[in-house]
């Protein structure tokens, strides 16, 4: 996020109550990124198996935009208009992905969770039970 938005902004957003801070608060940034990833996965799981094995740059960028917006919401800070519009754009993109209107490059669609995963119950008799196997 520092590479995308700069160290000064990340310090200001992660430590809004301390105007003399000279370092980012990694715990706050990591929490915002985790929240953004959870939101993205909620949209993607409708069409893709999550978490993604290889994360496209567009998803990484989207997570950073969402995390930045969340960090900017606080008692002493508010998201800028640029942040609000960027978040709105990301949400629209995620909705397009979840509806199948947009495809993720390099990630096969239709690879969502397998309906056959999990426990299975059968009411059929077992063709090989203990007595038949042992003779």
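Residue numbers (full-length UniProt numbering): 1 to 135. Using N, Cα and C, we set each Cβ at its ideal position, and we do this for glycine too.
key: Short Cβ contact (8 Å threshold) for residue 48 with residue 104   = yes
key: DSSP-derived helix/strand/coil call for residue 30   = helix
request  = Determine the extent of the alpha helix (DSSP H) in which residue 13 is found, giving its start and end residues.
outcome  = 7-14
ask   = With respect to the alpha helix (DSSP H) encompassing residue 70, which residues constitute its N-terminal and C-terminal limits?
value = 57-72
task = Since I believe residue 90 is in contact with residue 65 (beta carbons under 8 Å), could you give me their beta-carbon distance rounded to a whole number of angstroms?
result = 5 Å
query = Excluding sequence positions up to five away, which residues of its chain have a Cβ less than 7 Å from the Cβ of residue 23?
reply = 11
ask   = Going along the chain, which residues of its own chain have a beta-carbon closer than 6 Å to the beta-carbon of residue 36, five neighbours each way excluded?
value = 63, 66, 67
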